[in-house]
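In what follows, a single structure is set out as structure tokens and then discussed.
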Amino acid sequence: MSTTTTYLVQGMTCGHCAQTVAAGIQSLDAVTAADVDLEAGTVAVQSTGPIADEDVAAAVAEAGYTFGGRS
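Just so you know, the numbering used here puts 182 at position 4 of the sequence shown, and the rest follows in order with no gaps.
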């Protein structure tokens, strides 16, 4: 069963930013997709199992952006 969780991400301004954040999050276990909405400053993360907010936060930080928690 797939679930979708939306997170706030600050600092994204362009398509490259979106790709960088999405790639970092998609590298996490159980994540099947990460769809970034630049205008809203969010990323919708689809997963096949539970993922820890801390893991998403770490992936966002490693990509160089600020994690804002769940939307």
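By construction, the Cβ of each residue, glycine as well, lies at the ideal position given by its N, Cα and C atoms. Note that the structure is predicted; figures quoted are calculated from it, not measured.
| Item | Value |
| --- | --- |
| Residues that A235 bridges to, as DSSP identifies them | In DSSP, A235 forms no bridge with anything. |
| Neighbour-count burial assignment, S225, 16 or more Cβ in a 10 Å radius | buried |
| Outcome for G202 when other beta-carbon atoms lying within 10 angstroms are tallied against a minimum of 16 | buried |
| Cβ shell of E240 (< 7 Å), same chain only, five flanking positions each side left out | G202 |
| V187 Cβ short of 6 Å to the ligand PLP heavy atom set | As far as ligands go, the structure on display features none, and thus does not contain the ligand PLP. |
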